[in-house]
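Take 1 as the starting number for the sequence shown in UniProt numbering and just add one per residue. Heads up, the thing below is written out as structure tokens.
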Amino acid sequence: CPAVRFDWDKSLLKVYSGSSHQWLPICSDSWNNSYSEKTCQQLGFVSAYRTTEVAHRNLASSFSISKYNSTLQESLYRSECPSQRYVSLQCSHCGLRAMTGRIVGGALAPESKWPWQVSLHYGTTHICGGTLIDAQWVLTAAHCFFVTREKVLEGWKVYAGTSNLLRLPEAASISQIIINGNYTDEEDDYDIALMRLSKPLTLSGESQPRPLS
């Protein structure tokens, strides 16, 4: 299944296309509020808080929906968007356990609330979150690297100690990525990976490993 994410700009809903290796928006022409509710619930939230349309004039491709199936990913097909308006979705902050097996979606948190949470970037783009389990190791999801399978190790950076992607601290580089050997991008099982930082982080009140016991 392709991954689902919210762009930080206006909460634009995007789904990853495995065939084109791109994150694509969803055309709002056939979208309705019930789809918003089901999507938020799939991502682990109680309900949809707000659904709006965002105009983009220069997008060559997108997804459309005709009928909602068991998941958002299974309900989409590639198409053009005549109106050039796309789904922007905000979910309620009160979460439930996600119905999907993958770690997707999320909401903003106050600084220092979760000091083990880090942001994984490829180039200048946030790809996934991760959990600091040691000063030099990050636990994350294997599907993050299948989204960017054609990229090189040097392109990955880790940002710790912030929840604001517009005000990033100094980046930490990566020396090794270990993906569970049983994982495939066709299934949800074994969706786990480790990243070794080139050097240990300096720990502080904003950056702390997750207690494992």
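Glycine included, every Cβ here is placed at the ideal spot set by N, Cα and C.
In this structure L12 is not in contact with T39, their Cβ atoms being roughly 13 Å apart against a cut-off of 8 Å.
Taking Y190 as the centre and dropping the five residues before and after it, the same chain places the C-beta of N180, N182 and Y183 closer than 6 Å to its C-beta, in chain order. For S34, no beta strand (DSSP E) encloses it; the enclosing alpha helix (DSSP H) starts and ends at N33 to Q42. Taking 4 residues as the shortest admissible run, the UniProt domain "SRCR" (13-93) contains the following complete alpha helix (DSSP H) segments, listed from N- to C-terminal end: 33-42.
Ranking V87, V46, Y49 and S47 by CA distance to the CA of I65 puts V87 first. With contacts defined as CB atoms closer than 8 Å, A172 and L201 qualify as a contacting pair.
With respect to T51, L89 sits close: the two C-beta atoms are nearer than 8 Å. For L59, the closest C-alpha among the options I26, C128 and L76 is that of I26. The three-state secondary structure of G181, taken from DSSP, is coil. With respect to L212, V158 sits apart: the two C-beta atoms are not nearer than 8 Å. Annotation: I178 to M195 spans about 6 Å, alpha carbon to alpha carbon.
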